[in-house]
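Each remark here refers to the structure printed beneath this line.
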Amino acid sequence: MGHGLTFDVAHLLAGGLVLVSFLMITQHRLYALLNAFALQAVLLALSVAWQANVQNAPHLYVTALIALLFKGIVVPVGLHRIIQRLGIHREIETVIGSGMTMLAGMGLVALSMTVMLKITPTADPLAREDLAFALSVVLLGLLMMVSRRNAVSQVVGFMSLENGLVLAGTGARGMPLVVEISVAFSILIAFFVIGVFLFRIRERFDTVDVRAMDRFRGERR
Amino acid sequence: MELISNLLVQIMQMMLVLSAAPLLTGFVRKMKARLQRRQGPPIIQPYRDLLRLLKKEVVVAENASWIFRVAPYLIFAATWVAAALVPTFATGLLFSWSADLIAIIALLASARFFLALAGMDIGTAFGGIGASREMMIASLAEPAMLLIVFTMALVARSTQLSAVVDLLSASGVGLRVSLGLAMVGLIIVAIAENGRIPVDNPATHLELTMVHEAMVLEYSGRHLAMIELAASVKLLLYISLIGCIFVPWTLAGPGESTSSHLAGFGGYLAKLALFGFLLAVFETAIAKMRVFRLPDFVGGALMLGLLGTLLLFVSRSL
Amino acid sequence: MGAVVYLMLCVAALLGVGLLAVAGARMHAATAMVCGSTLVLSIAATILALTGLTGRAGSAAELILPVGLPWIGAHFRIDALAAFFLAVVNIGGAAASLYALGYGAHEEEPHRVLPFFPAFLAGMNLVVLAGDAFSFLLSWEFMSLASWALVVAHHRDPENRRAGLVYLIMASLGTLALLLALGLLTGPDGNYGFEAIRHGVRTPLTGAMVLVLVLFGAGSKAGLVPLHAWLPLAHPAAPSHVSALMSGVMTKVAVYAFVRIVFDLAGDLPWWSGALVLAVGSLSAVLGVLQALMQDDTKRLLAYSTIENIGIIFIGLGLTLAFRADGMGAAAALAMTAALLHVLNHSLFKSLLFFGAGAVLTATGERNLDRLGGLIHRMPVTSLLFLAGSMAISALPPLNGFVSEWLTFQAILQSPDLPQWALKVMVPAAGGLLALAAALAGAAFVKTFGIVFLGRPRSTEAAAAQEVDRLSLSAMALLALLCLFAGLVPGPLMDAAAPITRLFAGGALPPQASLPWLTIVPAVASGSSYNGLLVFLFMTISALLAVWVIHRFASHAIRRAPAWDCGFPEPSPLTQYSGSSFAQPIRRVFLARTPVTREQVSMPAPGEMRPARFALVITDPIWDWLYQPFVRAVEFAALQLNKLQFLTIRRYLSLVFLSLVWLLLVLAIWS
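Chains as they are written, first to last, in my numbering: chain A, 1207 to 1427; chain B, 552 to 869; chain C, 595 to 1265.
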């Protein structure tokens, strides 16, 4: 089914994003998780740049650059320093085992492929399949947030979810630059707030394990 | 005429596979040594090791059964037949239609079956540990391999390896996501099945880190030579498989001229050198995993194969 | 016409032998006479079935006896499907009879086994021959009762009594389900003949209910998850030749019932029927083999392995249903051929494995893996034949298990053309589960063969074992040769299945017997092919070449010495791996957080002198989640209904009065 290099490269990059999301789910160590996140951001930047090439939309190059710089360099380095100052570069505890997490991830990918391809039978094939991959990345990011105990890894899951949203946005045509800048700034603010929050939690409770924080929630009825 | 040429290609491939395997093993060892700033043994050292082992007396445990003495030949035969069916420098193999990819995997499974039985034959704890760990890795690596084969077979619409290679080298396929996933999965499975780092250390003799070495602990002399040769041939098989599927452009088609076959041969040697070098770099850069982290690693290959198959079921163009 | 009559005569002769055995079971040569006659009759029936398979392609001959229901009589007929399954049943019966000639000499209570053995064989033949619903159900119950009697033959063991009770209840529930299914198919006319049912018209709801009921009824007898719990209890409890028949043959009769009712009688079913059967089949395959890996009793392990293989057969049947519903005839034929071939192959190698386990039981008195070992030195022929069976069941070329699994994989590869989305997601998952089950089966049989036959003996009984008698060995050798033959030359077997697929799957594979070098090619379009004979020849030639080169150029010196064992050889055989140690890595990978396995460790406190204890408890969670609540619900209902026993006379009269008034009301409203 030779429909050319465009389809194939776009699909390869989107599939690579799904692959790296899987990789992130299975990482046990925080530094490796951050490296995987940086890799995901690089792949996202490449994918957005390819879409800019294909759709002849030069503003997407700026999006790609923002993704590369911000999520590929600034966020991982920042989280790296937070982890060092929090002193929590130990192993992550997952709520469910690694095998079950991978199986759940597979199920989510199957679900998103089925849903996306079923409800858009008449759309452009390139966009449909890219959207399916993007939905998979979003769901896998959510799965990461749900299956982790450590607050930092939940933040990383949230950011990978946002990567999926950017992939979806650039896959469909016409995502304006204004929106991207505002999204980027809101992420920056959220990042600062989460960082400050994490420090406060750590100061107060000596831990960022969310299970421990459950104990301080107040009276149960 | 084509019949004669295919027969010649098949026979030459069988000889090539057997003679190049120790060379590949020696090359990988030499590269690893150089990367670790050592001199390392010469590249032809495995040939010398095999000759030395052949000349030595075999010491067999008192309670060894006939399986212990017959297993090396069966392991070698199964691995050699499987390797003779994977195209190395040409795809016009006369007997390629007698066994497809699934049969090649099953032949390797037979070899593993007998190796595990040979490990359990003497009744030592080492044989048991090697056999049980080997079957654990196999219980994940073999389904992963089968699903990867499914992915390739769904793209090529056939499980016959020559047909897959012909289709992939015809450049109508393009860079597909599912093939990309299959490639990563196949690399992981190749590492797991050949007992390289991070799955098993081929150079170690520490008990609790061995899988393959533990099963062959009691072997000596000519039996050990056959098993070592079979292991080298298996490594060659997997590298040839990765080469012929994902880098198929140097292979000569059936019935082409002698010069294209010679070009194919040169291309094959180049591929062996390249993949051997990459294997050496990978093994030097990464540490061996704990045994119970292996299911995550090999399970990842299983998931990749499953994902590739699922993508092809859902949409033929992926 | 002739074949049916002669087959019914064989069945009648079997029943006659059974009756005679009731009288003469305590005679000296009773076992020899009974098993000898069943052997002769089974061989005759096999030959008749094979003529039915090759002679007539699709035309059915019928025999109507004036017994049974007065307005129909009892129909018996043989068509291609029945001929295939009759061949399977009678090959298994002949092998079991030959084995029993040797094994039966060790039977302590022959009067509890000998009368029921021919009756069991007769019952199975009658089920396959039955041509109307009444005789079908009657024969089905007869077969269940005869096998139940054989399960409780060794009644002094409380485990066997419990197994018999569970089997009886599950068999009765299964028959009830089949009764309801056939009743739904027949409709209110009461015309129970299969011919009449075939031409009936029914609503899709009826078709769906029939499918679910048949899955319950035939599936519980075959051993599908979650209705399998009786199988690992009952199959090991019976004597070994009966276990082989139950696992290898009776489960196939259940598959026959499924195929007959769902494919032949129920008409066209929607695509989701294939999805349901596929899901049940894949679950059975994986759960069966995982449980098999955890067992430490040889016969229970083999029983769980039967569950796995039945799962594989139902995966093929599910794919056939899905392909047939979408009109893909060639792919449906491929899937059905794979399932039918696996029926034959499994009956061959499972019987062989049960015979081997029986031989080990005879020689050592042990079924527990952790009390066996080193038997390859004491029982060389048995171990060689058991090795052949293990290789066949692990799907290793060039034996027959590989052929049917290869065909199933090829059928899965034809599935992307199925249009339904649920199938597009389920079939890859089923393919992954099938691949996983195949790999785990190899691990299970490396464990079994390695622990039982290799290594050093773990008990004095194992160290003192003797080889069993020639008749048992010849039965096993016959089955091993059939396995090899079916693996090397699968083409004629696939052609034998072609008339069946033409009738029920809507297509047929290209004729295999005419292909060069005995290759098999399931689908011409894909060009995938397999040649078992050539693979076998290549392996033999390579091995012989290696032997020749080694003997020419290598040293011949060989010396026996104590085991190397890294320089610290341990004399105690307890230091070698046991069954549960071998399975521990796989248990940890797949079952660690599931309720299937529980490790109980009791460590002594500092200062105590007792040893630490480690216990591994393997349970079947389906028993606790499904069966126990059901049993409790039935008990609760029974207790409540029991109050009806203690009413006063006035209450009883008022019950009768109220039911009369109620019926009159219903009549008033309805008419």
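Glycine residues also receive a C-beta, built at the ideal position from the N, C-alpha and C atoms.
Does chain B have any CB closer than 8 angstroms to the CB of residue i?
i: arginine 1378 of chain A; result: In the sequence as displayed, the identity of residue 1378 of chain A is alanine instead of arginine. No, alanine 1378 of chain A lies away from the interface with chain B (no Cβ there is under 8 angstroms from its Cβ).
i: valine 1215 of chain A; result: yes
i: threonine 1269 of chain A; result: no
i: threonine 1232 of chain A; result: yes
i: histidine 936 of chain C; result: no
i: alanine 1137 of chain C; result: yes
i: glycine 652 of chain C; result: Note that glycine 652 of chain C scores 42 on pLDDT, short of 50, meaning its location in the model is unreliable; the coordinates nonetheless yield the value given after this. No, no contact with chain B.
i: serine 998 of chain C; result: no
i: alanine 1157 of chain C; result: yes
i: tyrosine 898 of chain C; result: no
i: glycine 1221 of chain A; result: yes
Measure the Cβ-Cβ separation of residue i and residue j and say whether it is below 8 angstroms.
i: serine 783 of chain B; j: threonine 576 of chain B; result: yes
i: leucine 1223 of chain A; j: leucine 1239 of chain A; result: no
i: serine 1149 of chain C; j: arginine 773 of chain B; result: yes
i: glutamate 608 of chain B; j: alanine 1155 of chain C; result: no
i: tyrosine 697 of chain C; j: glycine 995 of chain C; result: no
i: alanine 1216 of chain A; j: tryptophan 1256 of chain A; result: yes
Residue i CB to nearest chain C CB: under 8 angstroms?
i: threonine 1320 of chain A; result: yes
i: glycine 1401 of chain A; result: no
i: glycine 1278 of chain A; result: no
i: glycine 1303 of chain A; result: yes
Measuring alpha carbon to alpha carbon, tell me which of the options ends up nearest residue i.
i: leucine 1048 of chain C; options: C:Tyr1124, C:Leu695 and C:Tyr1171; result: C:Tyr1171
i: leucine 780 of chain B; options: B:Ala634, B:Glu769 and B:Leu712; result: B:Ala634
i: glutamine 1008 of chain C; options: C:Ala790, C:Lys1237 and C:Ser1122; result: C:Ser1122
i: aspartate 1214 of chain C; options: C:Glu1061, C:Leu1185, C:Gly1173 and C:Leu1238; result: C:Leu1185
i: valine 806 of chain C; options: C:Pro1198, C:Thr1134, C:Phe1240 and C:Ala860; result: C:Ala860
i: cysteine 1278 of chain C; options: B:Gly827, B:Ala682 and B:Val767; result: Because chain C here runs from 595 to 1265, residue 1278 of chain C falls outside it and cannot be looked at.
i: alanine 932 of chain C; options: C:Gly1025, C:Gln1004 and C:Phe948; result: C:Gln1004
Over the uninterrupted beta strand (DSSP E) stretch that includes residue i, give me the two end residues.
i: serine 1196 of chain C; result: 1191-1196
i: phenylalanine 1208 of chain C; result: 1207-1212
i: valine 1226 of chain A; result: Premise fails: valine 1226 of chain A lies in the alpha helix (DSSP H), 1210-1231, not in any beta strand (DSSP E).
i: arginine 671 of chain C; result: 668-672
i: isoleucine 1152 of chain C; result: 1152-1155
i: alanine 612 of chain B; result: 609-612
If you follow the alpha helix (DSSP H) that residue i is part of, which residue opens it and which one closes it?
i: leucine 818 of chain C; result: Element bounds for leucine 818 of chain C: n/a, residue is neither H nor E.
i: arginine 1244 of chain C; result: 1243-1264
i: alanine 1316 of chain A; result: 1304-1325
i: valine 722 of chain C; result: 710-723
i: alanine 986 of chain C; result: 974-987
i: leucine 1001 of chain C; result: 994-1007
i: asparagine 557 of chain B; result: 553-586
At least one CB of chain A closer than 8 angstroms to the CB of residue i: is that the case?
i: tryptophan 866 of chain C; result: no
i: leucine 813 of chain B; result: no
i: arginine 1182 of chain C; result: no
i: glycine 736 of chain B; result: no
i: valine 1019 of chain C; result: yes
i: arginine 1192 of chain C; result: no
Query raised in the report: What residues in the stretch 843-868 of chain B have a beta carbon less than 8 angstroms from any beta carbon of chain A?
Result: Pro846, Asp847, Gly850, Gly851, Met854, Leu855, Leu857, Leu858, Leu861, Leu862, Val865, Ser866, Arg867 and Ser868
Query - Contact list for the stretch 1340-1363 of chain A against chain B, Cβ threshold 7 angstroms - result: none
Requested in this report: With 7 angstroms as the C-beta to C-beta threshold (strictly closer), list the residues of the stretch 1306-1335 of chain A near chain C in chain order.
Outcome: Ala1316, Thr1320 and Lys1324
Query raised in the report: For the stretch 704-717 of chain B, which residues have a CB atom closer than 7 angstroms to at least one CB atom of chain C, in sequence order?
Result: For the stretch 704-717 of chain B, the residues whose beta carbon sits under 7 angstroms from a beta carbon of chain C are, in order, Ala704, Leu705, Arg708, Ser709, Thr710, Gln711 and Ala714.
Requested in this report: Could you name the residues of the stretch 636-657 of chain B whose beta carbon sits closer than 8 angstroms to any beta carbon of chain C, in the order they occur along the chain?
Outcome: Phe646, Trp648, Ser649, Ala650, Asp651, Ile653, Ala654 and Ala657
**Report entry** Residues in the stretch 721-734 of chain B having any Cβ partner in chain A nearer than 7 angstroms
**Finding:** Gly723, Gly725, Leu726, Arg727, Val728, Gly731 and Leu732
Query - Short-range partners of chain B found in the stretch 1150-1179 of chain C, where Cβ spacing is below 8 angstroms - result: Ala1151, Ile1152, Arg1153, Arg1154, Ala1155, Pro1156, Ala1157, Trp1158, Asp1159, Cys1160, Pro1163, Glu1164, Pro1167, Thr1169, Gln1170, Tyr1171, Ser1175, Phe1176, Ala1177, Gln1178 and Pro1179
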